[in-house]
Each structure stands twice: as structure tokens, then as C-alpha cells.
Amino acid sequence: MSILSRFSTPPGATCGVLQVPRKVGFYQFAPEFGAVSKNLSRVLAALSGADADIIVLPELPFTGYYFQDRSELATLAEDPATSPTLSALVQLCRENDFHLVTGFAEKAQGKLFNSALLINGEGILQTYRKLHLFNTESDYFDPGDRPLQVSQVDGIQIGLMVCYDWAFPEVARSLALQGADLICHPSNLVLPWCQQAMLTRCMENGLFAVTANRTGPDARPRGTLTFTGQSQIAGPKGRLLHRASTEEEGLFITRIDLAQARDKNVTPLSHLLKDRRPEFYSRLKSR
Ligand code: ACM
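My numbering applies: residue 14 is where the sequence shown begins, and numbers increase by one.
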């Protein structure tokens, strides 16, 4: 396991009104397509002993991303209720007293979802099913069927989204309106725009976001996709706290001050959420 770097609050620095900084991070690595137990072993080894409150893994970190077809996905996806992968992750959380947000190829009620799970040592706290499927994903995944929601974990309000959801500002805004302090964002990015856009998502909603991307290629029958790393942690005011490189693998953890996400004022008189004019946004609700 490599800790890429750590940030600690300087002596005497205030941590804001909530007084407790939270340790959040991501694990960036290159999963091998189809090698579920090998990928799981890598994650277990890398995260074991980590000192964190919440760690975010990439999208589909155990199966790989670029499925040939729905039947291939069906052989690799798992039902969370019986998944040995999920059991091992829950045990990892229990042994290390942290929460995990992980991408997950989810089999449920005869459907296959590109999901993100928020888990702790007891089990699943929230399941999010990707709403905006990217490119060929709709050939094999079913579109998400659940409303966006926020879960409280040790005083942190956590919202989930997956990769291409970044391109729909309504997602981050919906989570912000439900009180999200932190968006956990498992990703398998191939385009170059997300990281910069997430700084804007954080600025316009006054919250933190951990984008956990993967590295390396999926060389598959449909072609080769190369994933772009640069996982990052961003915060209110569009501040970049850390961005990994394109290819490095490792665990990065930093501290965030939740009070910064609870203050939505950009000037004493200007408030990111209260100043909205939804009565003029009716087109947002039509197709
Ligand atoms: C993506 O949504 N995996 C680009």
C-alpha cells in the first residue's frame, strides 16, 4: 500500500464550527478485467490499516469496465445479498473502522445496474444506481431506478454519483439541496473534462467531492479503453485539495473541514442555494 501523501491540520488551526475534521480519500488503481478475486485482494491489501473515515474506490473496480455484452456482465455481476466481494469489503470496514464507497456491478431483481454502494462494518447504508449511462453502457446495464439521496455517516452528509453523472449538474445540485457535504464519485473516466468540471460542481454547490478514477486499459472485444487516473479531492470555492497523476496507483487520504460545506454564502448577502429561482427552471423537468 502506498500513501501518496497526507495532509494534517497545522497546530492551532481551527477546524471550523463542527470542530472535527474528517479524513477522506480514494484508492486509484488498474483493475484487471474479469479478475474479481484478484482485484478484491489488491483492494483489501491496499486499504488494510488505513486511517480514514471514508475511502472511495473507482467505478466497477472488481469486474472491470468494458463488457462485451449483457451475458458477460451477468456472469460477473453480483447480488449484494449473497456477494462474497461485498462480505469481504464489509469485513474490511469492520476491522479498520472506516466507511467505503465502492463501484459495484449489481445484480438485482433480474436487472443489472452500474451501482455505487456506501458501506460500513455492518453492511450497506446506501445503494445508488447510475442514472446517466455512458456510451455503450446501455447495451448491457439497466438505467438507475432510484432517486438521488443523501446518507448521514458520523455527522457527514454523503451523496453518491457515478462517473458520467458529472456532466449533469442537476445531480450534484439535487444532492446539495438534500444537504450533502461530500459527494463520493466512483469513476472510470476516458474523457478529459470531468476533473475540471468537478471543481465547478464543488464551487456552485459549496461542497466537497472525491472523484476516484481508475488507471490502465481494458483491452476487450469492442476495443481498448484507457482510463485517465487523476483522481481528485475538491472542495467548496472550487478548491483542488489533491489530484493524483494519470498512472500512479495508491491510496490518498486528506482531511476536510465540514464547516466549509455548511457555509453556502459566497458573500454575506449571496447564498448558493437560497438565491436560486426554480420558478424559472421549469424546463429542467421536461425531456
Ligand atoms: C463513464 O461514465 N464511465 C465515463
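Just so it is clear, CB atoms sit at the ideal spot from N, CA and C, and this is done for glycine as well.
Which residue spans inside the stretch 138-212 form an unbroken alpha helix (DSSP H) run of at least 4? 150-153, 182-190
- Cα separation between V223 and G38? 7 Å
Worksheet entry | The alpha helix (DSSP H) enclosing R55, as first and last residue numbers | 49-60
| said: the ligand ACM and E217: does any heavy atom of the ligand fall closer than 7 Å to the residue's C-beta? | reply: no
| query | With respect to the alpha helix (DSSP H) encompassing S244, which residues constitute its N-terminal and C-terminal limits? | reply | Neither: S244 is in no alpha helix (DSSP H) and is coded neither H nor E.
Helix, strand or coil for F221, going by three-state DSSP, please let me know. strand
- Task: Ignore the nearest five residues each way along the sequence and tell me which others in P24's own chain have a CB closer than 6 Å to its CB.
- Result: Per-residue confidence for P24 stands at a pLDDT of 33, beneath the threshold of 50, marking its modelled position as unreliable; the derived number appears in the next sentence. Contacts found: none.
Run the proximity test for S128: is its beta-carbon closer than 7 Å to any non-hydrogen atom belonging to the ligand ACM? no
Taking the alpha carbon of H112 as the point to measure from, which residue in E292, F126, W206, C197 has its own alpha carbon closest? C197
According to the neighbour-count rule (16 or more other Cβ atoms, all chains shown, within 10 Å of its Cβ), is N218 buried or exposed?
buried
field: Exposure label - R292; buried when at least 16 CB within 10 Å
entry: It should be noted that the sequence gives Glu, not Arg, for residue 292. Exposed, because fewer than 16 other Cβ atoms sit within 10 Å of the Cβ of E292.
Query raised in the report: Based on the DSSP output, what are the partners of G263 in its beta bridges?
Result: Q41
- Is the number of C-beta pairs between the stretch 174-187 and the stretch 140-150 that are closer than 8 Å three or more? yes
Original post:
Thinking just about the alpha-carbon of each residue, which of A101, R235, L286, I246 is nearest to the one in S50?
Top reply: A101
Collapsed DSSP secondary structure at R296 in the structure displayed | helix
query = Between which two residues does the alpha helix (DSSP H) harbouring N109 extend?
reply = 97-109
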